[in-house]
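K.L.:
When you line the sequence shown up against our numbering, it's residues 81 to 213, in that order.
Questions regarding the structure given below will be posed in turn.
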Amino acid sequence: GTGLAPAATRGDGHRPDLADVAGQLRPRQALEVAAAGGHHLLLSGPPGAGKTMLAERLSAVLPPLTRQESLEVTAVHSVAGILPPGEPLVARAPYCAPHHSATMQSLVGGGNGIPRPGAVSLAHRGVLFLDEA
């Protein structure tokens, strides 16, 4: 799988939000600065430090996609066949967290016959979280 929908939205429709995080002042500030400035971000630390929890919330802090960005993201997701039902245009930054055992093809895309976008393309204009990479 792509790791997009299940990681980005819980079963009750709640999207992870930075407001859900207690404490973690410096990491939260780093996420906010990276999101506001369009910077890349590397989260490192021991297991259980909260890297995954923070990464899942980064796309909620990113500014809304512009119309052009929405068209770009929608085109990639349409080709992959993963447009959410009832959403003809992707308006929020995507979050993609491929499994740590993902193949090179599932990360960068390709394939026999009709090439498919990989996780890197699916995270375009959003968050690509590589855990245990």
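Don't be surprised by glycine CBs; every beta carbon is placed ideally from N, CA and C.
Fair warning: this is a prediction, and the values are worked out from it, not measured in the lab.
Quick one, which of Thr183, Val156 and His179 has its alpha-carbon nearest leucine 210's?
P.N.:
Translated into the one-based positions of the sequence shown, residue 210 becomes position 130. The residue with the shortest Cα to Cα distance from leucine 210 is His179.
K.L.:
In three-state terms, what does DSSP make of leucine 98?
P.N.:
To locate residue 98, count along the sequence shown from 1; it is residue 18. Leucine 98 falls in the helix class under three-state DSSP.
K.L.:
Along the alpha helix (DSSP H) that carries glutamate 152, what are the first and last residues, could you check?
P.N.:
Numbered from 1 along the sequence shown, position 72 holds the residue referred to as residue 152. Note, glutamate 152: alpha helix (DSSP H), 147-160.
K.L.:
Looking at C-alpha atoms only, which residue of Met133, Ser124, His119 and Met184 is the closest neighbour of arginine 205?
P.N.:
Here residue 205 is taken as the residue at index 125 of the sequence shown, counted from 1. Selected option, being the one with the closest Cα: His119.
K.L.:
Return the chain-ordered list of same chain residues with a C-beta closer than 8 Å to the C-beta of leucine 145, the five sequence neighbours on each side being excluded.
P.N.:
Here residue 145 refers to the residue found at position 65 when the sequence shown is read from its first residue. Here the set comprises Val153, Val170, Ala171, Arg172, Ala173 and Arg205.
K.L.:
Note the first and the last residue of the continuous alpha helix (DSSP H) segment covering alanine 199.
P.N.:
Within the sequence shown, residue 199 is the residue found at index 119, counting from 1. Looking at the DSSP string, the run of the alpha helix (DSSP H) that includes alanine 199 is 199-202.
K.L.:
Output the distance between the C-alpha atoms of arginine 137 and serine 181, rounded to the nearest integer angstrom.
P.N.:
In the sequence shown, the residue the question calls residue 137 occupies position 57. In the sequence shown, the residue the question calls residue 181 occupies position 101. Spanning the two alpha carbons is a distance of roughly 23 Å.
K.L.:
According to the Cβ coordinates, are alanine 177 and leucine 187 closer than 7 Å?
P.N.:
Looking up residue 177 in the sequence shown gives position 97. Looking up residue 187 in the sequence shown gives position 107. No, the pair does not count as a contact, with Cβ atoms beyond the cut-off.
K.L.:
Please find out if some non-hydrogen atom of the ligand FAD comes closer than 6 Å to the beta-carbon of leucine 208.
P.N.:
The ligand FAD is absent from the structure shown, which contains no ligand whatsoever.
K.L.:
Is the separation between the beta-carbon of valine 159 and that of proline 127 shorter than 7 Å?
P.N.:
Taking the sequence shown and counting its residues from 1, the one referred to as residue 159 is at position 79. Taking the sequence shown and counting its residues from 1, the one referred to as residue 127 is at position 47. In this structure, proline 127 does not lie closer than 7 Å to valine 159 by Cβ.
K.L.:
Specify the secondary structure class of alanine 87 as computed by DSSP and reduced to three states.
P.N.:
Mapped onto the sequence shown, residue 87 falls at position 7. Residue confidence is low: alanine 87 scores 41 on pLDDT, short of 50, so the model does not pin down where it sits. Its coordinate-derived value is still stated next. Correct three-state label for alanine 87: helix.
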